[in-house]
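>
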Amino acid sequence: MVLEGPGRPLREADLAEPEAARGELLLRVLACGVCRTDLHVLDGELARPKLPLVLGHQIVAETEDGRRVGVPWLAWTCGQCRYCRAELENLCERAEFTGYDRDGGFAEFVVADERYCFSLPDGYSDLQAAPLLCAGLIGYRALRLAGDGEALGLYGFGASAHIVAQVARHEGRRVFAFTRAGDDEGQAFARELGAEWAGDSASAPPEELDAAIIFAPVGELVPAALRAVRKAGVVVCAGIHMSDIPSFPYELLWDERVLRSVANLTRRDGEEFLALAPRVPIRPEVE
Ligand SMILES: [Zn+2]
Ligand SMILES: [Zn+2]
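Residue 744 is where the sequence shown starts when you use the working numbering, and the numbers rise one by one after that.
#1: What is the chain-ordered set of residues for which the beta carbon lies under 6 Å from any non-hydrogen atom of ligand 1?
#2: For residue 984, is the classification buried or exposed, using 16 other Cβ atoms within 10 angstroms of its Cβ as the cut-off for buried?
#3: Distance check for residue 848 and residue 908, CA to CA, integer angstroms please.
#4: I'd like to know whether the C-beta atoms of residue 958 and residue 1004 end up nearer to each other than 7 Å.
#5: Taking DSSP as the reference, what is the three-state secondary structure of residue 871?
#6: For residue 819, which residues does DSSP report across the bridge?
#7: Of all residues in the structure, which have a C-beta closer than 7 Å to any heavy atom of ligand 2, taken in chain order?
#8: What did DSSP end up calling residue 961 once you bin it into helix, strand or coil?
#9: Drop a sphere of 10 angstroms on the beta-carbon of residue 823, count the other beta-carbons inside from all chains shown, and report buried for 16 or more, exposed for fewer.
#10: When the distance is taken between beta carbons, is residue 832 closer than 7 Å to residue 818?
#11: Who are the Cβ neighbours of residue 911 in its own chain at under 7 Å, not counting the five residues just before and after it?
#12: Inspect the CB distances between the region 844-860 and the region 796-816 and report whether three or more fall short of 8 Å.
#13: Tell me where the alpha helix (DSSP H) around residue 903 begins and ends.
#14: What span of residues does the beta strand (DSSP E) with residue 898 cover, start to end?
#15: Should the region 865-879 be called in touch with the region 772-782, which here means at least 3 C-beta pairs below 8 Å?
#16: Classify residue 853: buried if its beta carbon has 16 or more other beta carbons within 10 angstroms, exposed otherwise.
#17: Can you find the residues in the same chain that come closer than 6 Å, C-beta to C-beta, to residue 837, ignoring five residues on each side of it along the sequence?
#18: Going straight from the alpha carbon of residue 968 to that of residue 978, what length do you get?
#19: Work out the CA separation of residue 1030 and residue 1018 for me, nearest whole Å.
#20: In the DSSP assignment, the beta strand (DSSP E) including residue 921 goes from what residue to what residue?
#21: For residue 1014, which residues in the same chain have their Cβ closer than 8 Å to its Cβ, ignoring the five residues on either side in sequence?
What follows is the structure in structure tokens.
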């Protein structure tokens, strides 16, 4: 499926089989998840996708010699810039991303730099493994950067949050889930996955939170989350795109509250998270 321009529907197309350059793998796609980022690219909310483009960056695929690998969002980094040298390759000045700068997995075949592919844990079907590769992995990075506070708020209970909730419970944390007003189904789903409280994102949690992660691309949630965390609490914005954040009084940030974003992933995040997944064990819900 090909994207020819922002705001246009994906078009089915016959493309030439891609050719693997040195260091790259030619992969047959077994499954590819849909991420919110794919929709942001489709809607023209991210600045500079290559066009035409094959979207998709949660790719479970098979190598020519029959190994199963995962291809994530991070496709290539330079290894030389100040960020790469500081173990922040997620911020590489010249980074390239799968399904954005390079063709992704909504196709039969894809090529990927072998150094950025992950081996996948056994015990996950192709479909179940796909959401681990972005929803899970970037959720995991967001959880790490939220610190190790016990009471954790999750704003937007979708693909990422339902995996992060399982990791957080495994680590002995307490999960508070925030959904759109009236989303009873989402709130029930969060409780099933171990959230001790689930409610509307506009409402206050029953107690002060140590940290919160915002997965929904909604700027209004930033002041709401700052209001919900304790002094020195951390609010992490985990999405690649968010609507404008409304202005808010300084007292919401005062008392050493921290507001930060999370961008992309490092290979180390992937290795840690994919080793952790079967130990939790994370059970992704796919449809
Ligand atoms: Zn993604
Ligand atoms: Zn770099």
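Glycine included, every Cβ here is placed at the ideal spot set by N, Cα and C.
Taking the structure as given:
#1: With the cut-off at 6 Å, the residues found are 778, 780, 800, 816 and 877.
#2: The residue labelled residue 984 in the question sits at position 241 within the sequence shown. Residue 984 should be labelled exposed.
#3: For this step, residue 908 is matched to residue 165 along the sequence shown. For this step, residue 848 is matched to residue 105 along the sequence shown. Distance from the CA of residue 908 to the CA of residue 848, rounded to the nearest whole angstrom, comes to 27 Å.
#4: As a first step, residue 958 is located in the sequence shown; it is residue number 215 there, counting from the start. As a first step, residue 1004 is located in the sequence shown; it is residue number 261 there, counting from the start. For the 7 Å CB-CB criterion, residue 958 and residue 1004 do not form a contact.
#5: Taking the first residue of the sequence shown as 1, we reach residue 871 at position 128. If DSSP states are grouped into helix, strand and coil, residue 871 belongs with the helices.
#6: Here residue 819 refers to the residue found at position 76 of the sequence shown. Looking at the DSSP output, residue 819 bridges to 839.
#7: Chain-ordered list of matching residues: 820, 821, 822, 823, 824, 826, 827, 832, 835, 836, 837 and 838.
#8: Looking up residue 961 in the sequence shown gives position 218. Coil.
#9: What you label residue 823 is simply residue 80 of the sequence shown in a count that begins at 1. It is exposed - the Cβ of residue 823 has fewer than 16 other Cβ atoms within 10 Å.
#10: Position 75 of the sequence shown, counting from 1, holds the residue named residue 818. Position 89 of the sequence shown, counting from 1, holds the residue named residue 832. Their beta carbons are not under 7 Å apart, which means residue 818 does not touch residue 832 by this criterion.
#11: Here the question's residue 911 lines up with position 168 in the sequence shown. The answer, listed in chain order, is 886, 895 and 918.
#12: Contact holds: three or more Cβ-Cβ distances are below 8 Å.
#13: Taking the first residue of the sequence shown as position 1, residue 903 is located at position 160. Boundaries of the alpha helix (DSSP H) harbouring residue 903: 902-913, taken from the DSSP string.
#14: Here the question's residue 898 lines up with position 155 in the sequence shown. Residues 894-898.
#15: Output reads yes: the region 772-782 touches the region 865-879.
#16: Along the sequence shown, one-based indexing puts residue 853 at 110. Answer is buried; the Cβ neighbour count reaches 16.
#17: Counting from one through the sequence shown, the residue named residue 837 turns up at place 94. Hits under 6 Å: 821.
#18: Numbered from 1 along the sequence shown, position 225 holds the residue referred to as residue 968. Numbered from 1 along the sequence shown, position 235 holds the residue referred to as residue 978. Distance from the CA atom of residue 968 to the CA atom of residue 978, rounded to whole angstroms, is 7 Å.
#19: Sequence index remark: in the sequence shown, residue 1018 carries index 275 (1-based). Sequence index remark: in the sequence shown, residue 1030 carries index 287 (1-based). Those two C-alpha atoms are separated by around 24 Å.
#20: Your numbering for residue 921 matches position 178 in the sequence shown. Residue range 917-922 is occupied by the beta strand (DSSP E) that includes residue 921.
#21: For the purposes of this step, residue 1014 is taken as residue 271 along the sequence shown, with counting starting at 1. Excluding sequence neighbours, residue 1014 sits near 861.
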